[in-house]
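Asks: This is the structure I have questions about; it appears just below.
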Amino acid sequence: MKTRRILGLVLTGVLALSLLAGCSGKNNETANTNKATSNEAVEEMSTEPVTFSMFYGMLNGTQFGWDNDQAKYVTEKTGVTIDMDYVVGDLPTKVGVMIASGDYPDFIWGHDQHNKFIEAGAAIPLNDLIDKYGKNIKKVYGPLLNKIKSEDGNIYFLPPYREDVDNSKANRGFYVQRRVLEEAGYPELTTLDEYFALLSDYAKKHPETEGKETIAFSFITDSWRFFTLTNAPSDLRGFTNDGFCQFDPATLEGKAYTANEDSKKYWEALNKLYLEGLLDPEAFTMNYDQYIEKVTTGRVLGFYDQWWQMLPAQNSLAEQGKDEYVYVGMPLVWDDTVEERYQTPGVPITRDGISISVNCKDPVRAIQFIDWMLEEDQQKLFTWGEEGVDYTVNEEGRFYRTDEQREKLKTEEYRLKRGIGAFSYPWPTNANVATYEDGNSWNPTGQPEEITAGYTDADKKVLEAYGVETYGQMFNETTGNPWGEAWDIKPEDGSDVQITLAKAEELTKTYVPKLILADAGKYQAIWDEYKAEYEKLDIAAVEEFFTTKVKERVEAWK
């Protein structure tokens, strides 16, 4: 099922893990509307009224109506209106139906299924259009345009991702409520054992939260969000988010880990919480909305997650003034031999972005519209808001927000009215740490003085206790990988490797609930059964595939 509304964008960035989509055999032919060359005269973008349709392939995004202030500005300046088709329900099914029918909107964003559109030839190559009409695209993306090329040399989409770190927050990690840290005297949490002991002790001392049962630890497994259970043990070992394999940075060799000893150890730790009655009993049955709703109640003491996924709950708690329930990310590891790498730079992900479809009514105007969006004046509006209303400029020309402006922006109602975030993810943009020509950061979250000023007294209390100025500084300062993040590398749909991946994922999704919810004394037997079934799969071929692709990418990106 789906619902058709007007433009809606999520407020946050970075994408979720999806292991199993395919990615090869692109359409090598350039559409007739894409034959422009750079030495031809560039025509001005028309401002005649036009409505572009767009498929939006991610659930649970904040949906902005076209009556917000930024949307009105866009239409006034460009004549463009966006009619957004939001997916509801199963994304792969919706994508499959669209491909089978060939009924594509003007713009396509398929989230973690985007490669299916590329494989089906649903997107036109953008190279020539960018060459002729993409002055701002080339300026903003620069050398990254080379990294987002497909194997056939064509660019089929413009991703919203960048190589940067937002140190105002913890990008991912094991989160814990402030009240738990405060009662314990703000302890230095390093290992999983210390973390679970802290949550367990607090839950036993405070069995109820606002009249309901306190939950020591929870997680979300709804659909592709199952990654919260598979990524955690890898993070504890100091690896980055690379999907199915962990890669040796020296040899670039990839090894599968969802049936290794770290995974066994992590899920067994969750089993112990379950047997003690400290694990959320609905963790395997609740959907994403229910997860956010539960976390927002303040009942959940801790969880492992990515920032963008838990952000709605964090924002809601802040809006309600429930500072004691707000979460702080912790960089946990197995032991002191491990160097954590949670706060790694984002990468120009080659998985997805905005594509112009083969059915687009006017590809030239579509690319001109995207290029217009990347002009600095527009980007300042989209990222900071309107000068004098959503932010202020001091005598030195530095952007900042007053206390009143910050308070207004904390409420979703105000953001929806103003349109703050409506033209952010997944639309093309620049890096969080990039700067405009006037020296201001591209986004408020990259403006050093704004980061500090944006913290509440409750934030500052936590930061002072840990001797840091930002939440990101609680983590190691780490560099990215020369291959980016390998979770966005996809085998060809229907290939032996892709089929094996699908079987491995299904096997893991089947057995992990059994392991975590196992009766006392039954864990090892279930693990042995899982491992035996896992070893029947040709995992070595999958490891070889990812190793080869990572090595090829490193060479291509030099």
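Numbering-wise, the sequence shown is residues -21 to -1, 1 to 537 according to mature numbering (1 follows the signal peptide of the UniProt record, and there is no 0).
A virtual CB, placed ideally from N, CA and C, is assigned to each residue, including glycine.
Only a predicted model underlies this, so the values are computations on that prediction, with no experimental measurement involved.
Exposed or buried, what is methionine 53 when buried is set at 16 or more other beta-carbons lying within 10 Å of its beta-carbon?
Replies: The residue you asked about is not methionine; residue 53 is valine in the sequence shown. Burial call: buried.
Asks: Extract the residue ranges of the alpha helix (DSSP H) inside the region 487 to 531, only unbroken runs of 4 or more that lie entirely within it.
Replies: The region 487 to 531 contains these whole alpha helix (DSSP H) runs: 502 to 513.
Asks: By Cβ distance below 6 Å, which residues in the same chain neighbour alanine 20 in space, the five residues on each side in sequence not counted?
Replies: With a pLDDT of only 47 at alanine 20, under the threshold of 50, the placement of this residue in the model should not be trusted; the figure read from the coordinates follows. For alanine 20, where only same-chain residues beyond five positions count, there are no Cβ hits under 6 Å.
Asks: With DSSP as the reference, identify every bridge partner of tryptophan 88, one or two as the case may be.
Replies: Tyr35, per the DSSP bridge assignment.
Asks: Starting from the C-beta of histidine 93, find all residues in its chain whose C-beta is less than 6 Å away, skip the five residues before and the five after it, and write them out in chain order.
Replies: Cβ within range, chain order: Asp331.
Asks: Spatial neighbours of asparagine 13 within its chain, please: CB distance less than 8 Å, with the 5 preceding and 5 following residues excluded, ordered by chain position.
Replies: Only weak support is given to the placement of asparagine 13: the predicted model assigns it a pLDDT of 37, under 50, and the value that follows is read from those uncertain coordinates. Answer for asparagine 13: Ile103, Pro104, Leu105, Asn106, Asp107, Leu108 and Pro342, listed in chain order.
Asks: Which of the three DSSP states is assigned to glutamine 156 in this structure?
Replies: Glutamine 156 falls in the strand class under three-state DSSP.
Asks: How would you call threonine 329, buried or exposed, if buried means at least 16 neighbouring beta carbons within 10 angstroms?
Replies: Counting Cβ neighbours within 10 Å, threonine 329 comes out buried, since at least 16 surround it.
Asks: For valine 307, report the span of its beta strand (DSSP E) as first-last.
Replies: Element bounds for valine 307: 306 to 309.
Asks: Is the beta carbon of leucine 231 sitting closer than 8 Å to the one on valine 529?
Replies: Contact: yes.
Asks: What is the DSSP secondary structure of threonine 30, reduced to helix, strand or coil?
Replies: It is a strand residue.
Asks: Give a yes or no on contact between the region 228 to 246 and the region 205 to 213, applying the rule of three or more CB pairs nearer than 8 Å.
Replies: Yes, the region 228 to 246 is in contact with the region 205 to 213.
Asks: Any idea what DSSP makes of phenylalanine 263, helix, strand or coil?
Replies: Coil at phenylalanine 263, not helix or strand.
Asks: What is the residue span of the alpha helix (DSSP H) that tyrosine 120 lies within?
Replies: 114 to 120 is the extent of the alpha helix (DSSP H) around tyrosine 120.
Asks: Spatial neighbours of asparagine 338 within its chain, please: CB distance less than 6 Å, with the 5 preceding and 5 following residues excluded, ordered by chain position.
Replies: Closer than 6 Å at Cβ, skipping near neighbours: Tyr83.
Asks: For the region 275 to 293 against the region 183 to 196, are there 3 or more C-beta pairs whose distance is under 8 Å?
Replies: Yes, the region 275 to 293 touches the region 183 to 196.
Asks: Check each candidate in Cys224, Gly121, Gly132 and Lys389 and name the one with the smallest Cα separation from threonine 526.
Replies: If we check each option's Cα against that of threonine 526, Cys224 comes out closest.
Asks: Measuring CA to CA, which of Glu392, Arg394, Gly418 and Ile346 is closest to tyrosine 135?
Replies: Nearest option by C-alpha distance: Ile346.
Asks: Would threonine 435 pass as a contact of aspartate 259 if the rule is Cβ separation under 8 Å?
Replies: No, these two residues do not count as a Cβ contact at 8 Å.
Asks: What separation, rounded to the nearest whole angstrom, lies between the Cα atoms of tyrosine 509 and glutamine 477?
Replies: Answer to the nearest angstrom: the Cα atoms are 20 Å apart.
Asks: Count the other CB atoms within 10 Å of the CB of valine 66; is the residue buried (16 or more) or exposed (fewer)?
Replies: Buried: at least 16 other Cβ atoms inside 10 Å.
Asks: Going by DSSP in three states, tyrosine 445 sits in which element: helix, strand or coil?
Replies: Three-state DSSP puts tyrosine 445 in coil, outside helix and strand.
Asks: When the Cβ atoms of the region 317 to 325 are set against those of the region 349 to 369, are three or more pairs found closer than 8 Å?
Replies: Verdict: no, contact absent.
Asks: How many Å lie between glycine 300 and lysine 126 at the Cα?
Replies: Their Cα atoms are separated by approximately 43 Å.
Asks: How many Å lie between isoleucine 335 and aspartate 350 at the Cα?
Replies: Computed Cα separation, rounded: 13 Å.
Asks: Check whether the Cβ atoms of leucine 168 and methionine 309 sit closer than 8 Å, and answer yes or no.
Replies: Cβ distance < 8 Å, so leucine 168 and methionine 309 count as in contact.
Asks: Indicate whether lysine 389 and glutamate 272 have their beta-carbon atoms separated by less than 8 Å.
Replies: No. Outside cutoff.
Asks: Under a Cβ-count criterion, where at least 16 other Cβ atoms within 10 Å of its own Cβ denotes burial, should glutamate 98 be classed as buried or exposed?
Replies: Buried.
Asks: Would you mind listing the beta strand (DSSP E) stretches within the region 132 to 212 that are 3+ residues and don't spill past its ends, in chain order?
Replies: Runs of the beta strand (DSSP E) inside the region 132 to 212: 151 to 156 and 194 to 197.
Asks: Would you call the region 254 to 269 and the region 171 to 184 touching, i.e. three or more CB-CB distances under 8 Å?
Replies: Segments in contact, yes.
Asks: Counting along the chain, where does the beta strand (DSSP E) carrying alanine 235 start and finish?
Replies: Looking at the DSSP string, the run of the beta strand (DSSP E) that includes alanine 235 is 233 to 235.
Asks: When the Cα atoms are used, what is the spatial distance from alanine 101 to phenylalanine 86?
Replies: Taking the straight line from one Cα to the other gives about 10 Å.
Asks: Using only alpha-carbon positions, find the residue among Asp467, Ile399, Ala499 and Pro423 that is nearest to lysine 51.
Replies: The residue with the shortest Cα to Cα distance from lysine 51 is Ile399.
Asks: Taking the alpha-carbon positions, what's the arginine 397 to aspartate 48 distance?
Replies: So the two alpha carbons sit approximately 5 Å from each other.
Asks: Helix, strand or coil, according to DSSP, for tyrosine 393 in the structure here?
Replies: Note: tyrosine 393 maps to helix in three-state DSSP.
Asks: In this structure, how does DSSP classify glutamine 285 when only helix, strand and coil are distinguished?
Replies: Reduced to three states, the DSSP call for glutamine 285 is strand.
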